[in-house]
Structure formats: C-alpha cells, structure tokens
Amino acid sequence: NAGVMQNPRHLVRRRGQEARLRCSPVKGHSHVYWYRQLPEEGLKFMVYLQKENIIDESGMPKERFSAEFPKEGPSILRIQQVVRGDSAAYFCASSPQNGPGGIDEQYFGPGTRLTVT
Amino acid sequence: EDQVTQSPEALRLQEGESSSLNCSYTVSGLRGLFWYRQDPGKGPEFLFTLYSAGEEKEKERLKATLTKKESFLHITAPKPEDSATYLCAAYAGNNRKLIWGLGTSLAVNP
C-alpha cells in the first residue's frame, strides 16, 4: 500500500545543469500536483496535472520549468539550466478527485531537496 | 485576493497544556478547508478536511472546527510527539488549487 513516491530524495546540481524530479502517485490516483517549499515562504503551488494533460500551470515559471504526467510512468518536473534560486524542497502530491464536489485531500510524497551549487 | 493566514507562527507548550491554532481565510466560495501536519524533512501529512461552517472532526488529541471566517485546530493534552508544523489550506471555488498558510510551528516540552 505504497504512498506517493518521489526520487531522488536529494539532488545536487551545478548552475546550468538540468534537474529531473520524479513522482509516482498513490496507485489509482490520476491527479498530481507539484509544490515548491522554502523555509520562510511556505508551500507554493506550481502545477496540476492529470494523465497526459496539464490542467493548471499558473504557479510554474514559464521559462526553464516544465512538467508532464504521461499515460505510463511517473510524473516528471524538469528544471533546465538551474540557478541557485531554484534550491528548495519540491513536493509532489496526488489525489483521486472523487470526494464531495470533486474536492479531495492531497497526499504528499517525501519531497526532493534540490541544491544548486 | 484569496488568502490564508495562520497564527501564531510558533507555539511552545508544556506536555498536557491544551491550546488552539488559528487559520483565518479570505477566499471566494470556500469549498474545503484542509489541515496537515509536517515534520522536519518530510512531506505534509493529511489530518482533516472540513467542508462547511459548523463542521467538526476529531482524531486522537486533535479536533478541527470551521466557521465562515476561520478554522481552529484544538490540541488537547498534547504530548511531545505532537511537535510539528501544522498547515492549513483552503480550496476556493474559483481555483483548482489549494491556498496554503505559512503554518504554526508547535513544540511540546516533556
């Protein structure tokens, strides 16, 4: 009965490299969310995806960041040409979206801590 | 603008000393209010969902309540293992995403 899985747990990249963060949702969940968390800023929504569709990417920078949730396999958050300001904890959450009015709790993974040197 | 504010930012209690955490929200058409617990270095752990004013939910030493303007997380006779950051988030009618507060960092001393 696995929960949300994220890998890697820790990722170190040099400025200018690419970072790929992976998220496997709870089995049976078809909705995935990515968040970024900094110590003094709290959780910030980045993107909401369903299988093969981006539903809301309003929280994701338009440059260098992209996300996908393919029909098969994990959801990927990709950051190209990383800069020091990208250092943060990135969390993935999933939900089944079948609660009252389509509102469901989101279940979070353990996060990926990205450090850009 | 939709907003969620939590208070206090930090709270230190003695074991057994009951207290309440506050989550005030200003959102358009609240559809759900969520409480989570987050331990250092881990992802948020779901605690409760409240859907309408007057609703209450309980789990062990925790009880969450909801009014039209705010939610409270009541902690009765806390233990050191209740030490964590408690986050609340609101799901508004016009958005498909949760709006998060900054959390209350709770420390319970033995």
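First to last, the protein sequences are chains C and U.
Each residue of the first sequence is one higher than the last, beginning at 431 in the numbering used here.
Each residue of the second sequence is one higher than the last, beginning at 232 in the numbering used here.
The beta carbon of each residue, even a glycine, is placed where N, CA and C say it ideally should be.
For U/Gln234, the enclosing beta strand (DSSP E) begins and ends at 234 to 238. Boundaries of the beta strand (DSSP E) harbouring C/Ala449: 449 to 454, taken from the DSSP string. For C/Ile533, the residues of chain U that pass the 8 Å Cβ criterion are Arg262, Gly263, Thr280, Tyr282, Tyr322, in the order they occur in the chain. Identification of chain U residues near C/Gly541 by a Cβ-Cβ cut-off of 9 Å yields Gly272, Lys273, Gly274, ordered along the chain. Remark: C-beta atoms of C/Gly458 and C/Lys474 do not approach each other more closely than 8 Å. By the CB criterion at 8 Å, U/Phe303 and U/Asn340 fall outside the cutoff. Interface with chain C (8 Å Cβ-Cβ cutoff): U/Gly285 is excluded. For the set U/Thr236, U/Ser250, U/Asp270, U/Gln234, the Cα lying nearest the Cα of C/Gly539 is the one of U/Asp270.
Remark: C-beta atoms of U/Arg268 and U/Ala315 approach each other more closely than 8 Å. U/Phe303 has a beta carbon lying at 8 Å or more from every beta carbon in chain C. Across the set U/Tyr282, U/Lys300, U/Lys273, the C-alpha of U/Lys273 shows the shortest separation from the C-alpha of U/Tyr317. Between C/Gly472 and C/Val456, the C-beta gap is not smaller than 8 Å, which leaves the two residues out of contact. The criterion of a C-beta distance shorter than 8 Å is not satisfied by U/Gln237 and U/Leu297.
Beta-bridge partners assigned by DSSP to C/Val462: C/Leu479, C/Ser524. When the beta-carbon positions are compared, U/Leu278 and U/Lys290 come within less than 8 Å of each other.
Of the other Cβ atoms in all chains shown, fewer than 16 fall within 10 Å of the Cβ of C/Pro438; this residue is therefore exposed.
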